[in-house]
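A.B. asks: Residue numbers (full-length UniProt numbering): 1 to 78.
C-beta atoms are modelled at their ideal positions from N, C-alpha and C, and glycine is treated no differently.
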Amino acid sequence: MEGSIVQMGAYIGAGLACMGMGGAAVGVGNVAGNFLSGALRNPSAAAGQTATLFIGIAFAEALGIFSFLVALLLMFAV
């Protein structure tokens, strides 16, 4: 009985950790949307901001990957 409660807690924790992946998706959308908004206002400066766009997307995706790893650790390491 105790093992099943621990496993249930691990699954609940993994599900909560997966919410971080949804947050990363929102973050990537926010970064890309703000870039497009700025690029439409000033198209000549858009080429200089492309590197910043990719760095912002990479940081947002890194947080999603970290939450995915936490979810996997909770599911399979317990």
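1. Which of helix, strand or coil does DSSP assign to N42?
2. Say whether the stretch 10 to 21 touches the stretch 62 to 73, bearing in mind that this needs 3 or more beta-carbon pairs closer than 8 angstroms, one atom from each stretch.
3. If the criterion is Cβ atoms closer than 8 angstroms, does the pair I12 and V31 meet it?
4. In three-state terms, what does DSSP make of A77?
5. Can you give me the C-alpha to C-alpha distance between G6 and G22, rounded to a whole angstrom?
C.D. replies: So, to answer that:
1. For the purposes of this step, residue 42 is taken as residue 42 along the sequence shown, with counting starting at 1. The answer is coil: DSSP assigns N42 none of H, G, I, E or B.
2. yes
3. For this step, residue 12 is matched to residue 12 along the sequence shown. For this step, residue 31 is matched to residue 31 along the sequence shown. Not a contact, by the Cβ cut-off of 8 angstroms.
4. As a position in the sequence shown, residue 77 is number 77, starting the count at 1. Here A77 sits in coil by DSSP.
5. Residue numbering aside, residue 6 sits at position 6 when the sequence shown is read from its first letter. Residue numbering aside, residue 22 sits at position 22 when the sequence shown is read from its first letter. As written in the sequence, residue 6 is Val, which differs from the Gly given in the question. Near 25 angstroms, if we compare the C-alpha coordinates of G22 and V6.
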